[in-house]
Amino acid sequence: MNKVVHQLRTAREAKGMELKEVEEITKIRTKYLQALEDGDYGVLPGGVYTVEFLRSYARFLDLDADNLVNTFRMEATAAKLETTFDNTLQETNRPYRDQSLLMRISQFYREAGDIFKFLKTSRMEQSKR
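With positions in the sequence shown counted from 1, the corresponding number in my numbering is that position plus 61.
Take a look at the structure:
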């Protein structure tokens, strides 16, 4: 989202305007404008609103609104994929996290059985020597 953030802030500063002035003209609240410029999209009310705020703000700043929205969507998708990948890695580090107690007990007995079989076969091999 760095490209979007950089373009918005640079264009506003080039116009020599403060966020409060932009709010008065665009009717987009200052906190939402600030969030767009900071890349803090969690502050914004939702996906459709975020895109429309971005589109309106870009038009006000005489930027290519459609290109900026497409860039935003690509960056947002990449961020979601990265987050999903990170979450997947965290889940693989805790394989029993979402399993029920019954599943865990069942897994324990299967593993204990495998250990018992291994020990039994190793003892049999040692006694044959």
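Glycine included, each C-beta is placed from N, C-alpha and C at the ideal position.
> How many whole angstroms separate the CB atoms of Leu69 and Leu80, which I take to be in contact at a CB cut-off of 8 Å?
Replying inline: The residue labelled residue 69 in the question sits at position 8 within the sequence shown. The residue labelled residue 80 in the question sits at position 19 within the sequence shown. Their Cβ separation, rounded to whole angstroms, is 11 Å, which puts Leu69 and Leu80 out of contact at 8 Å.
>> Between the alpha carbons of Ala137 and Ile86, how many angstroms are there, rounded?
In response: Your numbering for residue 137 matches position 76 in the sequence shown. Your numbering for residue 86 matches position 25 in the sequence shown. Using only the alpha carbons, I get a separation of about 27 Å.
>> Check for me: the alpha helix (DSSP H) holding Leu124 runs from which residue to which?
In response: Indexing the sequence shown from 1 puts residue 124 at position 63. Judged by DSSP secondary structure, Leu124 falls outside any alpha helix (DSSP H); it is assigned neither H nor E.
>> Let's test the definition: count the other Cβ atoms within 10 Å of the Cβ of Tyr170 and tell me whether it reaches 16, buried, or not, exposed.
In response: Within the sequence shown, residue 170 is the residue found at index 109, counting from 1. With fewer than 16 Cβ atoms within 10 Å of its Cβ, Tyr170 is classed as exposed.
> Where do the N-terminal and C-terminal ends of the alpha helix (DSSP H) with Met78 fall, by residue?
Replying inline: Taking the sequence shown and counting its residues from 1, one reaches residue 78 at position 17. Met78: not part of any alpha helix (DSSP H); DSSP gives it neither H nor E.
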